[in-house]
Amino acid sequence: MTRYTTRTEAIHREIIEPMEAGDAASAPSPLEVAATRRLVGLTVEELATMLGVNPRTIRGWEGGRFRPSEGVWAAVQDIRAGHDRETERAGQIVDAGLPLTMSLDRDFPIRPVPRGWMVAIAARVLDACPDARIEWAE
Numbered sequence: 001m002t003r004y005t006t007r008t009e010a011i012h013r014e015i016i017e018p019m020e021a022g023d024a025a026s027a028p029s030p031l032e033v034a035a036t037r038r039l040v041g042l043t044v045e046e047l048a049t050m051l052g053v054n055p056r057t058i059r060g061w062e063g064g065r066f067r068p069s070e071g072v073w074a075a076v077q078d079i080r081a082g083h084d085r086e087t088e089r090a091g092q093i094v095d096a097g098l099p100l101t102m103s104l105d106r107d108f109p110i111r112p113v114p115r116g117w118m119v120a121i122a123a124r125v126l127d128a129c130p131d132a133r134i135e136w137a138e
């Protein structure tokens, strides 16, 4: 078993070897990475914090210098799924004819809750229901 001790070796193990093994075909394109991050309203720094990686890694994925491993991409998809669930719940409130109140004071993997995350939910709700009433909690 190979033991990786330097950062360069770790990068090689996490990025290069999976690509050489054929994982590159299933890895997302740089545009898919950037679009997913923006869809959920996270900055490069916020997504990096949630994934436990350096922001330069996210920029590298989005710039096409390398691709996320299958496991890391699954974690990004889990973040997206969480955003989808929150958007669905928000849509149910709007569908019931109630105003949607967005709050930054709640449980979230990083603190404070990224404002962009909540704005992205509001945007997705407004896209589906243009007459929705959405406001910030006081």
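For the sequence shown, the numbering used here assigns the number 1 to the initial residue and increments by one for each residue that follows.
Glycine included, every Cβ here is placed at the ideal spot set by N, Cα and C.
Quantities reported herein were computed from a predicted structural model and do not represent experimental measurements.
Asked: DSSP-derived helix/strand/coil call for Leu39; Found: helix
Asked: Inter-residue CB distance, Arg67 and Pro109 (contact presumed, cutoff 8 Å); Found: Wrong, their Cβ atoms sit about 23 Å apart, outside the cutoff.
Asked: Which listed residue (Ala35, Gly63, Val125) has its alpha carbon closest to that of Arg89; Found: Val125
Asked: Residues near Leu185 in its chain [Cβ-Cβ closer than 8 Å; skip 5 each side]; Found: It is not possible to answer for residue 185, since the shown part of the chain is limited to 1 through 138.
Asked: Residues bridged to Met102 [DSSP beta-bridge criterion]; Found: Trp136
Asked: With 16 other Cβ atoms within 10 Å as the buried cut-off, status of Arg65; Found: exposed
Asked: Endpoints, the alpha helix (DSSP H) within which Pro55 is located; Found: 55-63
Asked: Local conformation of Pro30 per DSSP, three classes; Found: helix
Asked: Neighbourhood of Gly41 by C-beta, 6 Å cutoff - its chain only, sequence neighbours within 5 removed; Found: Gly116, Trp117, Val119, Ala120
Asked: Start and end residues, alpha helix (DSSP H) containing Asp78; Found: 70-95
Asked: Whole-angstrom distance between Asp127 and Val53, CA atom to CA atom; Found: 32 Å
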